[in-house]
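K.L.:
Residue numbers (the numbering used here), protein chains in the order written: chain A, 31 to 629; chain B, 2 to 246. Heads up, the beta-carbon is just placed ideally off N, CA and C, and yes, glycines get one too.
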């Protein structure tokens, strides 16, 4: 293997979105050598697309806010399946992470008294999202990127990790290929942090980019790590529905945070008909009350039902469309034009204005948008230790969307960006501590490297099915069978179909050279996204109840017995095993304010 | 089904030729959709970059009928029907393959700019009107289209002694930050070569984020550089006060 390009670092971070960058910055600050490996160019990761803001109980706009209320909101939003320790750390540390970002150069929108402004969002009791118009993710990734490049981190751009190397039980590094040349590179490392984001490319109508093929989920699974909560896939209530070109493109929850209302074809604000008992006490029950809240009287009035959690809103929109009260192109109407003046809309929602104007020919300051649910976020992921982000494989860590636990059965909007910072930092620290405690460096096994390279090269030049066709078939099937509302028969059909797709993918072939060949890259990514699709379908089949983002038509109620278990997935031999394990208990001191009315 | 012809540059490292592809048109289709359709049905090895497909990430920059832009924001119906749409990679950067160029030079320039350095002990209070100016610059999505059209780079290949509009915007976002300690004017004058810009405003015109690059970033920075290094009265004043070095 003398001719192989090899890079050696203490820590390799896979993925350069918010979590990966924050992890790399932290591990580097601990004095370790860090390599940051990313599939795209630096600064283009999914974080850049995040719009509405990051949730942190800074209490700038509402002095009543504090971490306990944030913790409670997160647990209730997650329907109590969350890892309570993660939710606690997240709520406690998010404010410091936001302030730290400001010290590194982020420029948030300001309150009238000159502090970081916070906007309301679904499921958050108080207005809590630090934001920059509707481009908060861009602000965050650019700040981390520009801070990170001065920390001595080695950045490997357009480099895709295709295999994790192990030395016995522990991680020893990774095999990757340079997308531009198709040449392979071996990363030797004591610890690997996965920060690869989600799995949304298993669905057709999605807000996710080509990168979201569940690479980290699959790498961890194949390396023997546990994954949890894979049945919970978030469908964001508001994606664009027209024209077909942009179906699925995200419409920020910030539109509703700024007062936008949802109406069906009869003009009814149907969210008033969809307030679940859990949130009844916090939600306005008349349009008048909701309007007073939107116009600024937030202490005496309750939030509009448009700001219920995403699972509730997505289900309600689906029902309106299904029952024939949808918009002309199969969505519902989202109206901000009749609520706010044009200048305000253009200032607070500039990219929404631009996006609808350019791509749909709709002026959102004058007319309503058409929106419908779009696949958005994986709540499930690598099972991690809350404090260190360590997976169940020694030396393997995970942070951000690829990790599971924080969000339980449904994530609150705004909790993702704060998740990236809080647990990105913790993963960097955890990996650094692990490296320092290692008695000896793990060794690379050349046979593992050779096997990984041979597998990666197999599709090139092979006569086989077009990987784009397989991906499209998978996506259409997942949209039909494993979407917002699920039934046993369809889930079983999905598992069968995925087996067939796996057969095709194992024989997929692409022409061309190794130089920047997207067809080849997709053929490799397909293996990962198929594994993730299978995990989602199998776990969804097994969970015979409805909870959060997982709705079973054949089991419409939330069941007490299921409230106490996470589904854990792991590779045993060659089999995908799914087992029920108890949800980590909520300490008594927190039980009162999570289940009670007051924090 | 309506059809259109896309005339794409195919090849590696600048060597290659244009190839015509017939695509099926759909309502609202953008150029990136057409490229994806070609990838999926006709040429799976066709290289292009993309991520967000909503004008937020700046990955899919290319030159369409000679005009640089984001493929994800350019609708097919904005071009004349019946004529082939010619799509080429950005010309200012070394070619890798098909529509993909090597933009790594930009990342090297960025590294040379000293990071944000806020004054210690100052309360972190700033009013919206204090940060509006900086927020305009921070809208940049690093599509590098301004770099692509800048004639100092495009026609004169002055990459070694000129930072380009993107990094004047970046420097402006730091220098004009109310809490930053400044100190980048020497860099702007010397290695970033801001004096080479002769304000033709091509960068401003091409910016998909509508950042007023020339008027709001470059000209004020040029003025600061001139004040700092070339104003004889100010130089004398600084020398008398013992502040100039």
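Whole alpha helix (DSSP H) runs in the region 483-568 of chain A with 4 or more residues, listed along the chain?
P.N.:
Complete alpha helix (DSSP H) runs here, min 4: 497-511 and 518-536.
K.L.:
What is the DSSP secondary structure of residue 91 of chain A, reduced to helix, strand or coil?
P.N.:
Position 61 of the first chain, counting from 1, holds the residue named residue 91 of chain A. If DSSP states are grouped into helix, strand and coil, residue 91 of chain A belongs with coil.
K.L.:
Straight-line CA distance for residue 254 of chain A to residue 103 of chain A?
P.N.:
Residue mapping note: residue 254 of chain A aligns to position 224 of the first chain, counting from 1. Residue mapping note: residue 103 of chain A aligns to position 73 of the first chain, counting from 1. Straight-line Cα distance between these residues: approximately 33 Å.
K.L.:
If the cut is a Cβ gap below 9 Å, which residues of chain A does residue 116 of chain B touch?
P.N.:
By 1-based counting over the second chain, the position of residue 116 of chain B is 115. Those are 134, 135, 176, 177, 179 and 180, listed as they occur along chain A.
K.L.:
Select from B:227, B:63 and B:84 the residue whose C-alpha is nearest the C-alpha of residue 74 of chain B.
P.N.:
Sequence index remark: in the second chain, residue 74 of chain B carries index 73 (1-based). Here the closest residue by C-alpha is B:63.
K.L.:
For residue 628 of chain A, name the three-state secondary structure that DSSP assigns.
P.N.:
Position 598 of the first chain, counting from 1, holds the residue named residue 628 of chain A. Unreliable placement is indicated for residue 628 of chain A, whose pLDDT of 49 sits below 50; the coordinate value is still reported in the next sentence. The answer is coil: DSSP assigns residue 628 of chain A none of H, G, I, E or B.
K.L.:
For residue 492 of chain A, which of A:439, A:550, A:546 and A:45 has the nearest alpha-carbon?
P.N.:
As a position in the first chain, residue 492 of chain A is number 462, starting the count at 1. That would be A:550, whose Cα lies nearest to the Cα of residue 492 of chain A.
K.L.:
Residues of chain B with CB under 9 Å from residue 447 of chain A, in chain order?
P.N.:
Taking the first chain and counting its residues from 1, the one referred to as residue 447 of chain A is at position 417. Simply none; closest approach about 15 Å.
K.L.:
Does any residue of chain A bring its CB to less than 8 Å from the CB of residue 153 of chain B?
P.N.:
Counting from one through the second chain, the residue named residue 153 of chain B turns up at place 152. So no, residue 153 of chain B is outside the interface.
K.L.:
How about residue 39 of chain B: is its C-beta nearer than 8 Å to some C-beta of chain A?
P.N.:
Counting from one through the second chain, the residue named residue 39 of chain B turns up at place 38. No, its Cβ sits nowhere closer than 8 Å to a Cβ of chain A.
K.L.:
Quick check on the DSSP output: the alpha helix (DSSP H) that includes residue 382 of chain A runs from which residue to which?
P.N.:
In the first chain, the residue the question calls residue 382 of chain A occupies position 352. From DSSP, the alpha helix (DSSP H) with residue 382 of chain A extends over 380-390.
K.L.:
Of all the CB atoms in chain B, is at least one closer than 8 Å to the CB of residue 210 of chain A?
P.N.:
In the first chain, residue 210 of chain A corresponds to position 180, counting from 1. It does; some Cβ of chain B falls within 8 Å.
K.L.:
Hey, does residue 57 of chain B have any beta-carbon neighbour from chain A nearer than 8 Å?
P.N.:
To locate residue 57 of chain B, count along the second chain from 1; it is residue 56. Yes, residue 57 of chain B counts as interfacial toward chain A.
K.L.:
What three-state label does DSSP hand residue 477 of chain A in the structure shown?
P.N.:
In the first chain, the residue the question calls residue 477 of chain A occupies position 447. In the structure shown, residue 477 of chain A sits in a helix (DSSP, three-state: H, G or I).
K.L.:
Is the beta carbon of residue 559 of chain A less than 8 Å from the beta carbon of residue 244 of chain A?
P.N.:
In the first chain, the residue the question calls residue 559 of chain A occupies position 529. In the first chain, the residue the question calls residue 244 of chain A occupies position 214. Result yes, Cβ atoms of residue 559 of chain A and residue 244 of chain A sit closer than 8 Å.
K.L.:
Select from A:310, A:485 and A:263 the residue whose C-alpha is nearest the C-alpha of residue 403 of chain A.
P.N.:
Numbered from its first residue, the first chain carries residue 403 of chain A at position 373. Ranking A:310, A:485 and A:263 by Cα distance to residue 403 of chain A puts A:263 first.
K.L.:
Under the assumption that residue 93 of chain B contacts residue 155 of chain B (Cβ atoms under 8 Å), give the Cβ distance between them as a whole number of angstroms.
P.N.:
Here residue 93 of chain B refers to the residue found at position 92 when the second chain is read from its first residue. Here residue 155 of chain B refers to the residue found at position 154 when the second chain is read from its first residue. About 5 Å separates the two Cβ atoms, so the contact holds.
K.L.:
Against chain B, with Cβ distances strictly below 8 Å, would residue 74 of chain A count as a contact?
P.N.:
Within the first chain, numbered from 1, the residue matching residue 74 of chain A stands at position 44. Judged by the 8 Å Cβ criterion, residue 74 of chain A is in contact with chain B.
K.L.:
Would you decide whether residue 362 of chain A is buried or exposed? Buried here means 16 or more other CB atoms lie within 10 Å of its CB.
P.N.:
For the purposes of this step, residue 362 of chain A is taken as residue 332 along the first chain, with counting starting at 1. So residue 362 of chain A counts as buried.
K.L.:
Compute the distance between the beta-carbons of residue 280 of chain A and residue 34 of chain A, then report whether it is under 8 Å.
P.N.:
For this step, residue 280 of chain A is matched to residue 250 along the first chain. For this step, residue 34 of chain A is matched to residue 4 along the first chain. No, the pair does not count as a contact, with Cβ atoms beyond the cut-off.
K.L.:
Beta-carbon separation of residue 197 of chain A and residue 473 of chain A under 8 Å?
P.N.:
Residue mapping note: residue 197 of chain A aligns to position 167 of the first chain, counting from 1. Residue mapping note: residue 473 of chain A aligns to position 443 of the first chain, counting from 1. Against a cut-off of 8 Å, the Cβ pair of residue 473 of chain A and residue 197 of chain A comes out as a contact.
K.L.:
Between which residues of its own chain and residue 332 of chain A is the CB-CB distance below 7 Å, once the five residues before and five after are set aside?
P.N.:
On the first chain, residue 332 of chain A is found 302 positions in, with the first residue counted as 1. Excluding residues within five positions, the ones whose Cβ falls inside 7 Å are 312, 313, 314, 319 and 323.
K.L.:
May I have a chain-ordered list of the alpha helix (DSSP H) segments no shorter than 4 residues that lie completely inside the region 109-177 of chain A?
P.N.:
Runs found: 114-133.
K.L.:
Going along chain A, which residues have a C-beta under 8 Å from residue 7 of chain B?
P.N.:
Residue numbering aside, residue 7 of chain B sits at position 6 when the second chain is read from its first letter. What residue 7 of chain B touches in chain A: nothing, since even the nearest Cβ is about 15 Å away.
K.L.:
Answer with buried or exposed for residue 502 of chain A, where buried requires no fewer than 16 other C-beta atoms within 10 angstroms of its C-beta.
P.N.:
For the purposes of this step, residue 502 of chain A is taken as the residue at position 472 of the first chain. Exposed: under 16 other Cβ atoms inside 10 Å.
K.L.:
Please report whether the beta-carbon of residue 135 of chain B lies at a distance below 8 Å from any beta-carbon of chain A.
P.N.:
Position 134 of the second chain, counting from 1, holds the residue named residue 135 of chain B. Taking Cβ atoms only, chain A reaches closer than 8 Å to residue 135 of chain B, which makes this a yes.
K.L.:
Give the DSSP bridge partners of residue 595 of chain A, in chain order.
P.N.:
What you label residue 595 of chain A is simply residue 565 of the first chain in a count that begins at 1. Paired residues: A:612.
K.L.:
By DSSP, does residue 168 of chain B sit in helix, in strand, or in coil?
P.N.:
Position 167 of the second chain, counting from 1, holds the residue named residue 168 of chain B. Residue 168 of chain B falls in the helix class under three-state DSSP.
K.L.:
Quick check on DSSP: helix, strand or coil for residue 706 of chain A?
P.N.:
Shown here, chain A extends from 31 to 629; a query on residue 706 of chain A therefore has no answer.
K.L.:
At least one CB of chain B closer than 8 Å to the CB of residue 384 of chain A: is that the case?
P.N.:
Start at 1 with the first residue of the first chain, and residue 384 of chain A comes out as number 354. Cβ-Cβ to chain B under 8 Å: yes for residue 384 of chain A.
K.L.:
Would you tell me roughly how many angstroms separate the C-alpha atoms of residue 328 of chain A and residue 624 of chain A, rounded to the nearest one?
P.N.:
Taking the first residue of the first chain as position 1, residue 328 of chain A is located at position 298. Taking the first residue of the first chain as position 1, residue 624 of chain A is located at position 594. Whole-angstrom Cα-Cα distance: 22 Å.
K.L.:
So which residues of chain B does residue 139 of chain A contact, with C-beta pairs closer than 9 Å?
P.N.:
One-based indexing of the first chain puts residue 139 of chain A at position 109. Chain B residues near residue 139 of chain A: 129, 132 and 136.
K.L.:
In its own chain, which residues sit with a C-beta less than 7 Å from the C-beta of residue 233 of chain A, not counting the 5 before and 5 after it?
P.N.:
Walking along the first chain from the start, residue 233 of chain A turns up at place 203. Cβ within range, chain order: 405, 505, 508 and 509.
K.L.:
Measuring CB to CB, does residue 111 of chain A end up less than 8 Å from residue 175 of chain A?
P.N.:
For the purposes of this step, residue 111 of chain A is taken as residue 81 along the first chain, with counting starting at 1. For the purposes of this step, residue 175 of chain A is taken as residue 145 along the first chain, with counting starting at 1. No, the pair does not count as a contact, with Cβ atoms beyond the cut-off.
K.L.:
Is the Cβ of residue 43 of chain B closer than 8 Å to any Cβ of chain A?
P.N.:
Here residue 43 of chain B refers to the residue found at position 42 when the second chain is read from its first residue. False, the Cβ-Cβ gap to chain A never drops below 8 Å.
K.L.:
Do residue 299 of chain A and residue 288 of chain A have their C-beta atoms within less than 8 Å of each other?
P.N.:
Looking up residue 299 of chain A in the first chain gives position 269. Looking up residue 288 of chain A in the first chain gives position 258. It is not a contact, given that the beta carbons lie outside the stated cut-off.
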